[in-house]
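Report on the following structure.
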């Protein structure tokens, strides 16, 4: 995103709890160091739950499960804080984009061993519902993921045997602040 801003000669600022590049500032998106209504556009690609180890920082939303024992309440509460903070810093009439994917996983026991059943987490639509509290919907874009894993024989075979879908897209929700 910052590379695109630079290419378009736009002033882009990036924040993350685990910055991977020098131009990304260390910060929690639940408390942005920006003035109220000072931003023209926000783009966010949040953690999609606990599937990736995003950071060692205990504040990392990626450490919160979007399913599991609490049915994602802590994850969605944290994301509500992020979305509310985006609303605070965004100028009226301006836009935000949120890029996200739903998730599916096999159920596991406390020892991590697979057990019968699966769990679907509609992360995209849960976040869309949260965003609707603060913003008006403008568009929902399905972004095709050209992920080579989707063609791996073992992934396809597991999908057929487990009767689940291979998710080959992400959502990009476009929202407008009134």
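Numbering (our numbering), first residue to last: 137 to 314.
Note that CB positions come from ideal geometry on N, CA and C, so glycine has one too.
Distance from residue 259 to residue 184 at the Cβ level is roughly 6 Å; contact confirmed, criterion being Cβ atoms closer than 8 Å. Apart from the 5 residues on each side of it in sequence, residue 190 sits with its Cβ closer than 7 Å to the Cβ of 154, 183, 196, 198 in its chain, given in chain order. The three-state reading of DSSP puts residue 265 in helix, counting H, G and I together. Leaving aside the five residues that flank residue 187 on each side, the residues in its chain whose CB is nearer than 8 Å to its CB run, in chain order, 239, 241. With respect to the C-alpha of residue 243, the residue from 254, 165, 236, 235 having the closest C-alpha is 254. Spanning the alpha carbons of residue 201 and residue 280 requires a straight line of approximately 25 Å. Exclusion of the five residues before and after residue 175 leaves 225, 226 as the residues of its chain whose Cβ lies within less than 6 Å of its Cβ. When the Cα atoms are used, residue 192 and residue 217 turn out to be separated by approximately 20 Å.
For residue 184, no alpha helix (DSSP H) run applies, since DSSP gives it neither H nor E. The C-beta distance from residue 310 to residue 274 rounds to 4 Å, short enough to meet the 8 Å contact threshold.
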